[in-house]
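K.L.:
Quick note, the sequences are listed as chains A and B, same order. Position 83, counted from 1, in the first sequence is what my numbering calls 84; the numbers after and before it change by one each time, with no gaps. Position 10, counted from 1, in the second sequence is what my numbering calls 60; the numbers after and before it change by one each time, with no gaps. From the three backbone atoms N, C-alpha and C, an ideal C-beta is built for every residue, glycine too.
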Amino acid sequence: NAGVTQTPKFQVLKTGQSMTLQCAQDMNHEYMSWYRQDPGMGLRLIHYSVGAGITDQGEVPNGYNVSRSTTEDFPLRLLSAAPSQTSVYFCASGTGQGQYFGPGTRLTVT
Amino acid sequence: ILNVEQSPQSLHVQEGDSTNFTCSFPSSNFYALHWYRWETAKSPEALFVMTLNGDEKKKGRISATLNTKEGYSYLYIKGSQPEDSATYLCALDGSARQLTFGSGTQLTVLP
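#1: So, for residue 1 of chain A: in the same chain, excluding its five sequence neighbours on each side, which residues have a beta-carbon less than 8 angstroms away from its beta-carbon?
#2: What separation, rounded to the nearest whole angstrom, lies between the Cα atoms of residue 73 of chain A and residue 22 of chain A?
#3: Give the DSSP-derived three-state secondary structure of residue 67 of chain B in the structure shown.
#4: DSSP on residue 31 of chain A, reduced to helix/strand/coil?
#5: For the stretch 126-152 of chain B, which segments carrying the beta strand (DSSP E) assignment without a break, of at least 3 residues, lie completely within its bounds, in sequence order?
#6: Within 8 angstroms of any Cβ in chain B, is that where the Cβ of residue 100 of chain A sits?
#7: Applying the criterion that 16 or more other CB atoms from any shown protein chain within 10 Å of the CB defines a buried residue, is residue 94 of chain B buried or exposed?
#8: Taking the beta carbon of residue 94 of chain A as the centre, do at least 16 other beta carbons fall within 10 Å, making it buried, or is it exposed?
#9: Are the C-beta of residue 123 of chain B and some C-beta of chain A separated by less than 8 angstroms?
#10: Below 7 angstroms on C-beta distance, what does residue 151 of chain B contact in chain A?
#11: Output, in chain order, the set of chain E residues within a Cβ distance shorter than 9 angstroms of residue 91 of chain A.
#12: Hey, does residue 59 of chain A have any beta-carbon neighbour from chain B nearer than 8 angstroms?
#13: Go ahead and label residue 71 of chain A buried or exposed: buried means 16 or more other beta carbons lie within 10 angstroms of its beta carbon, across all protein chains shown.
#14: Spatial neighbours of residue 11 of chain A within its chain, please: CB distance less than 6 angstroms, with the 5 preceding and 5 following residues excluded, ordered by chain position.
#15: How would you call residue 1 of chain A, buried or exposed, if buried means at least 16 neighbouring beta carbons within 10 angstroms?
Here you go:
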């Protein structure tokens, strides 16, 4: 099993550009989520999904979209990047017994 | 938004010392309490998931307890080693597996 994979590992965007962060898992988990990690803020939930076709907002959803067309994939879209979205993004999948995190994507918006 | 608090924010201990830290959460809104270990430049790794009041979990030298009535969990490390240095996160599962994380306790074990 590859576990949870994320691409890209690093990305630099200009303000106003859009992009998609990819996340995939091969553990057949129904639950997937996206977090951002900022200094002193811990991990904050952006969006999550409890199964294919179902998504919901977390704590900080503004500026991000998600979709879940398959169990395996949960992409995160930045619609119009802003400097405030500079962060490290983690995707996770799991069950009630815990979540498995991907390696993270470090995004810088200039 | 649930408020999950961890203390202390950071901690330095000598190799061989035992230590513990606290996670506090609103007791009225509880499904499960998770502990994660997060090493620098890596991803968080699950340590424990606890659901019942009075739960105790153990993995090697690390153990955790849970009090849902008063809204806290303790993480203990016995005989700390330099490889235990990491940030320890707790997360509250309030509903629909939507985890709310605390800001973590950063542990440094000095050789």
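P.N.:
Walking through what the data contain:
#1: Nothing can be reported for residue 1 of chain A, as the shown portion of chain A is limited to 2 through 111.
#2: 14 angstroms
#3: coil
#4: coil
#5: 136-143 and 149-151
#6: yes
#7: buried
#8: buried
#9: no
#10: 43 and 44
#11: Protein chains A and B are contained in the structure displayed, whereas chain E is not.
#12: yes
#13: exposed
#14: 107
#15: As shown, chain A starts at 2 and ends at 111. That puts residue 1 of chain A outside it, with no answer to give.
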